[in-house]
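Below is one structure; the comments refer to it alone.
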Amino acid sequence: MSDPFKRSFEPAPPAPAAGSITARARGAHRAPYLEGLNPEQREAVETLDGAVLVLAGAGTGKTRVLTTRIAHILSLGRARASEILSVTFTNKAAREMKTRIGAMVGEAVEGMPWLGTFHSIGAKILRRHAELVNLKPDFTILDVDDQIRLLKQLIAAENIDEKRWPARLLANQIDSWKNRGLSPDQVSAGEGATFANGRGRDLYAAYQARLKTLNAADFGDLLLETIRLFRQHPEVLRQYQTRFKYILVDEYQDTNVAQYLWLRLLAQRTSGTAAADLVLRDAALRAAPQDEAREEPASAISAPTPRPEEPAHSAGVSKDVAPLGPPKNICCVGDDDQSIYGWRGAEVDNILRFDHDFPGAKVIRLERNYRSTAHILGAASHLIAHNEGRLGKTLRSEGEAGERVVVSTAWDSEEEARAVGEEIEQLQRQGHRLDEIAILVRASFQMREFEDRFVTLGLPYRVIGGPRFYERAEIRDAMAYLRLVNQPADDLAFERIVNVPKRGLGDAALQNLHDLARARGVPLIEAARAMGTSEAVKPKPRAALRDLVAAFDRWRAQRDTLPHNELAEIVLDESGYTEMWQKDRSADAAGRLENLKELVRSMEEFENLQGFLEHVALVMDTDRGEDHEAVSIMTLHAAKGLEFDTVFLPGWEEGLLPHQRSLDENGRAGLEEERRLAHVGITRARKNARISFVSNRRIHGSWTSSLPSRFLDELPEQHVEVREAKGGFGGYGNAYGSRFDTTAAFGSSYTTPGWRRAQKSRGGFEEDPHEYSQVEPDEPAGRMRDVGASRAPGGGTNGAFKPAAARPAPSFAASSASGTPPRRAPVTIEGELVARSTGAPSAFSRGDRVFHQKFGYGRVRAVDGNKLTIQFDKAGEKKVVDSFLNKA
DNA sequence: CAGCGTTCCATTTTT
DNA sequence: TGGAACGCTG
Numbered sequence: 015m016s017d018p019f020k021r022s023f024e025p026a027p028p029a030p031a032a033g034s035i036t037a038r039a040r041g042a043h044r045a046p047y048l049e050g051l052n053p054e055q056r057e058a059v060e061t062l063d064g065a066v067l068v069l070a071g072a073g074t075g076k077t078r079v080l081t082t083r084i085a086h087i088l089s090l091g092r093a094r095a096s097e098i099l100s101v102t103f104t105n106k107a108a109r110e111m112k113t114r115i116g117a118m119v120g121e122a123v124e125g126m127p128w129l130g131t132f133h134s135i136g137a138k139i140l141r142r143h144a145e146l147v148n149l150k151p152d153f154t155i156l157d158v159d160d161q162i163r164l165l166k167q168l169i170a171a172e173n174i175d176e177k178r179w180p181a182r183l184l185a186n187q188i189d190s191w192k193n194r195g196l197s198p199d200q201v202s203a204g205e206g207a208t209f210a211n212g213r214g215r216d217l218y219a220a221y222q223a224r225l226k227t228l229n230a231a232d233f234g235d236l237l238l239e240t241i242r243l244f245r246q247h248p249e250v251l252r253q254y255q256t257r258f259k260y261i262l263v264d265e266y267q268d269t270n271v272a273q274y275l276w277l278r279l280l281a282q283r284t285s286g287t288a289a290a291d292l293v294l295r296d297a298a299l300r301a302a303p304q305d306e307a308r309e310e311p312a313s314a315i316s317a318p319t320p321r322p323e324e325p326a327h328s329a330g331v332s333k334d335v336a337p338l339g340p341p342k343n344i345c346c347v348g349d350d351d352q353s354i355y356g357w358r359g360a361e362v363d364n365i366l367r368f369d370h371d372f373p374g375a376k377v378i379r380l381e382r383n384y385r386s387t388a389h390i391l392g393a394a395s396h397l398i399a400h401n402e403g404r405l406g407k408t409l410r411s412e413g414e415a416g417e418r419v420v421v422s423t424a425w426d427s428e429e430e431a432r433a434v435g436e437e438i439e440q441l442q443r444q445g446h447r448l449d450e451i452a453i454l455v456r457a458s459f460q461m462r463e464f465e466d467r468f469v470t471l472g473l474p475y476r477v478i479g480g481p482r483f484y485e486r487a488e489i490r491d492a493m494a495y496l497r498l499v500n501q502p503a504d505d506l507a508f509e510r511i512v513n514v515p516k517r518g519l520g521d522a523a524l525q526n527l528h529d530l531a532r533a534r535g536v537p538l539i540e541a542a543r544a545m546g547t548s549e550a551v552k553p554k555p556r557a558a559l560r561d562l563v564a565a566f567d568r569w570r571a572q573r574d575t576l577p578h579n580e581l582a583e584i585v586l587d588e589s590g591y592t593e594m595w596q597k598d599r600s601a602d603a604a605g606r607l608e609n610l611k612e613l614v615r616s617m618e619e620f621e622n623l624q625g626f627l628e629h630v631a632l633v634m635d636t637d638r639g640e641d642h643e644a645v646s647i648m649t650l651h652a653a654k655g656l657e658f659d660t661v662f663l664p665g666w667e668e669g670l671l672p673h674q675r676s677l678d679e680n681g682r683a684g685l686e687e688e689r690r691l692a693h694v695g696i697t698r699a700r701k702n703a704r705i706s707f708v709s710n711r712r713i714h715g716s717w718t719s720s721l722p723s724r725f726l727d728e729l730p731e732q733h734v735e736v737r738e739a740k741g742g743f744g745g746y747g748n749a750y751g752s753r754f755d756t757t758a759a760f761g762s763s764y765t766t767p768g769w770r771r772a773q774k775s776r777g778g779f780e781e782d783p784h785e786y787s788q789v790e791p792d793e794p795a796g797r798m799r800d801v802g803a804s805r806a807p808g809g810g811t812n813g814a815f816k817p818a819a820a821r822p823a824p825s826f827a828a829s830s831a832s833g834t835p836p837r838r839a840p841v842t843i844e845g846e847l848v849a850r851s852t853g854a855p856s857a858f859s860r861g862d863r864v865f866h867q868k869f870g871y872g873r874v875r876a877v878d879g880n881k882l883t884i885q886f887d888k889a890g891e892k893k894v895v896d897s898f899l900n901k902a
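One rule links them: number in this note's numbering = place in the first sequence (from 1) + 14.
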């Protein structure tokens, strides 16, 4: 291979086709693993050179493509296992890939050291070069608890009222900065001001400094610090660029800006070129909220370490990035229609702009679905087609038509749960396995009602999600002990266990330790050592401190002689931690002891303590299989990637399935993400999808009547069966009656097909079947009702709302013509106005007085793109989209 | 430092 | 409505 550095200066050749042709010719004859792939899959596997984006719809064999591709690379001898970088988001996905590659190529999996999550690979790289980013190779990976505790201290140290500015909030803010690849110096002043009246950025910087002295990194750092390492040490970057001959990325639609930058750096053929920095500028521009980019172009746009030899690029240049040299062989697999993690920093833009970011990229669509029936796919496809920001795919079923998607309704959530329970029992009687049935909810509070009902019925169920094994208090405590044995300077671990079990070392004692430690510049445990012999300390705490320090000295001495799992047992026993739980009489104490045992047992699999600690921080996950057959209950988010024969989708109501908060905070983008969530839900089903909505739901204790989800309107008639629930509890007529009244009172006539179907289902009026055909995917505006504002008297289109510009006029004519009450002029949904990440800058800035139709007068507290945080005079602080505001 | 009352809040969550 | 988290009191 020629010198990669040199090559990057050559003009970008198109991705060489020759390679794949040869591969195909060879593969056709001698590769059994290629058998059974459909043509698109095969193309995705065999297109090895350059950048490839595989748009893999739900159930189209995404993992198979990824794993086969790796097998293909290996079997052609294109690269060794250690030269393939393969990243996933979850450990589960990584594990599955390992297993499946193992099944194909055998032993070589063990030699795939670079197959893992973004974070675990980031950690691996970082440990190798820790000293270059001011860490030691054995740095600690902090969990969220530690992070919050640390931030609390910093906030207190700054004399900021933690009530008003909770550490949690700051943690989220810092996290979101890290997600966007911003280090403290890159956070623009305007945005840095969002926390505690302008001290957010300083706190972030202080936090980072503190992490260094603690020799610790949080999850975000595993990526961000790696990026910094790569930028500041091109020779290190080059080493990895050379090593990784092929890069594969799973779930590309979920990547955030930091992950994108990380990938970009590695996918360059060489570092240090102007082109590479241009890319970074581009990404930084995308990452920085527009308003701040305007305020402070320099800080928002410039790369972190400006290279003096490079000419400064104007902002104008970075908008249209110069093409890069040929990218490495990078293959990203994803599905924009399944991007449901925007709220935690995922940038759909990454996938939407792939061919822009990687010029000459080949885009391959996988649209043959092997999972679901034609009815299910028809419904899902039609629904998702209402989204605008998508690359567009049409899933085709390779199976039979199957049954239509069933839509049913219930009076309230209790009855909904009852109906689902009955249906499941019936399925069970028909011989369906409970393992093949799932209930997918939008929000976890919905689960409770199902659990209650299933307990009553004696129907086995399993809640997926919830607190992870390593998030449990007892595991974290035990881990803190082990961390401290491993790393005396781990102050956060020390704080966690200094008084667990109770040693009479309360807040006061800890405060003294802190003071001393700070004064002397030593870790807490050293301060404890000093105070343990100091006359100034009262005898009782003095003895406690002495014992504690002595214990840790002892354990540390044993570290090299004892197997680490035995050591762990000794630590837990001698510290009194095990005893603490043995004495505890609460119901879950036994379970906690069990978990501790499990923890110790699982240590056997690791070579040393260090390796184990790394594992728990990054890898250990929740699904320790319960073996009995049970119905699964989980959130729609948790269901991504899973499939079941039968899927129940309860709670399709306005405000819950398009979740109100998503609409309020992210407007149109939020709505589209909610729709993707609905789409993910339906496509989990192989044979049966059963959607339901209720008229009344208890929210925060009080009953609220609800409207059917707009997504119901977006389901195509031919694939849907509206079924009247059996049982007759509660009186449906009543339900509809009252809801109809409510609707009328709002003045927004509810005449959409979904609604009318519902009417029909209880023997209401008949409607013209043509109605349904009016629901076309290309008519999104017409389907969107204004959610918030229309409820206010006289709400709707008014001065506060911008018109729905540049959208095709919705075809209302037909529905009016067919005798339905005339609908009002199209009302813009809040989202219409909302920014995508590349949207226009907000016209508002901090401090502006504003007026909001619903919340009244207020003042702008913070600006984040088009999302504003407003302190309303009456309604309190809210996040709103700027287009909902007028200047006051 | 434990226990109790009060207050506040209430999508989605991986690593 | 229900829980978690906090602050006050004994």
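In this text, a Cβ means the ideal position worked out from N, Cα and C, and glycines have one as well.
1) Jot down the residue ranges of each uninterrupted alpha helix (DSSP H) in the stretch 497-550, minimum 4 residues, whole runs only, in chain order.
2) What does the alpha-carbon distance come out to for the pair Leu-538 and Trp-595?
3) On the three-state DSSP scale, how would you describe Gly-212?
4) What first and last residue would you give for the alpha helix (DSSP H) that runs through Tyr-254?
5) Pull up the DSSP beta-bridge partners for Lys-177, would you.
6) Can you find at least 3 beta carbon pairs, one from the stretch 143-150 and one from the stretch 212-229, that sit closer than 8 angstroms?
7) Determine the DSSP secondary structure at Ala-831, reduced to helix, strand or coil.
8) Put Asn-229 into one of helix, strand or coil per three-state DSSP.
9) Less than 7 angstroms between C-beta atoms, sequence neighbours within five positions excluded: which residues of the same chain meet that for Ala-544?
10) For Arg-358, count the other beta carbons within 10 Å of its own beta carbon; 16 or more makes it buried, fewer makes it exposed. Which is it?
11) For the stretch 210-223 and the stretch 253-273, state whether three or more C-beta atom pairs, one from each stretch, are separated by less than 8 angstroms.
12) In chain order, what residues of the same chain have a beta carbon less than 8 angstroms from the beta carbon of Thr-81, not counting five sequence neighbours either side?
13) Give the DSSP-derived three-state secondary structure of Tyr-746 in the structure shown.
14) Count the other CB atoms, across all protein chains shown, that sit within 10 Å of the CB of Asp-351; report buried if there are 16 or more and exposed otherwise.
15) Cutting at 8 angstroms between CB atoms, please list the residues of its own chain near Glu-381, excluding the five before and the five after it.
16) Compute the Euclidean distance between the alpha carbons of Ile-511 and Trp-191, then round it to the nearest angstrom.
17) If you count every other CB in all the chains shown that lies within 10 Å of the CB of Asp-727, and 16 or more means buried, which is it?
18) Determine, using beta carbons only, whether Ala-393 and Val-419 come nearer to each other than 8 angstroms.
19) Taking the straight line between their C-alpha atoms, what separation do you get for Arg-863 and Ala-203?
20) Can you tell me whether Thr-547 is buried or exposed, with buried defined as 16 or more other CB within 10 angstroms of its CB?
21) Taking 8 angstroms as the threshold (C-beta atoms), are Ala-137 and Glu-628 in contact?
22) How should Pro-722 be labelled, buried or exposed, when 16 other C-beta atoms within 10 angstroms of its C-beta is the threshold for buried?
23) Using the DSSP secondary-structure output, state which residues sit across from Trp-717 in a beta bridge.
24) His-673 bridges to which residues according to DSSP?
25) So, do the stretch 646-659 and the stretch 453-470 have three or more beta carbon pairs nearer to each other than 8 angstroms?
26) Measure the C-alpha to C-alpha separation of Leu-129 and Phe-368 and round it to an integer number of angstroms.
27) Which residue from Asp-232, Val-661, Pro-502 and Lys-106 puts its Cα closest to that of Glu-540?
28) Could you tell me if the beta carbon of Tyr-484 falls within a distance shorter than 7 angstroms of some heavy atom in the ligand ZN?
29) Buried or exposed: which applies to His-714, given that a residue is buried once 16 or more other Cβ atoms fall within 10 Å of its Cβ?
30) Quick check on Thr-77: does DSSP put it in helix, strand or coil?
31) Got a sec, what are the start and stop residues for the beta strand (DSSP E) Phe-475 sits in?
32) Out of Phe-464, Glu-417 and Leu-576, which one is the CA nearest neighbour of Arg-737?
33) Give me, in chain order, the residues of the same chain whose beta-carbon lies closer than 7 angstroms to that of Arg-467; leave out the 5 immediate sequence neighbours on both sides.
34) Could you give the uninterrupted runs of the beta strand (DSSP E) lying entirely in the stretch 70-154, keeping only those of 3 residues or more?
35) So, Gly-695 versus Leu-663, is the Cβ gap smaller than 8 angstroms?
36) Use the C-beta contact count for Asp-800: other C-beta atoms within 10 angstroms, 16 or more gives buried, fewer gives exposed.
The answer reads as follows:
1) 505-511, 521-534 and 538-545
2) 26 angstroms
3) coil
4) 248-257
5) Its beta-bridge partners do not exist; DSSP assigns none.
6) yes
7) With a pLDDT of 26 at Ala-831, under the threshold of 50, the modelled position of that residue is not reliable, and no figure is offered here.
8) coil
9) Leu-530
10) exposed
11) no
12) Met-111, Arg-114, Ile-115 and Met-118
13) Caution is warranted here: a pLDDT of 34 is assigned to Tyr-746, below 50, making its placement in the model unreliable, and the coordinate value is therefore given only provisionally. Reduced to three states, the DSSP call for Tyr-746 is helix.
14) buried
15) Glu-54, Gly-71, Thr-74, Lys-407, Thr-408, Leu-409 and Arg-410
16) 30 angstroms
17) buried
18) yes
19) 21 angstroms
20) exposed
21) yes
22) buried
23) Arg-712
24) Gly-669
25) yes
26) 22 angstroms
27) Pro-502
28) The model on display carries no ligand, and the ligand ZN is accordingly not part of it.
29) exposed
30) helix
31) Sequence inspection shows Tyr at residue 475; the Phe mentioned does not correspond to that position. Start and end: 475-477.
32) Glu-417
33) Ala-431, Arg-432 and Gly-435
34) 98-102 and 129-131
35) yes
36) Bear in mind that a pLDDT of 30 at Asp-800, under 50, signals an unreliable position, so the number given afterwards is only what the model happens to contain. Classification for Asp-800: buried.
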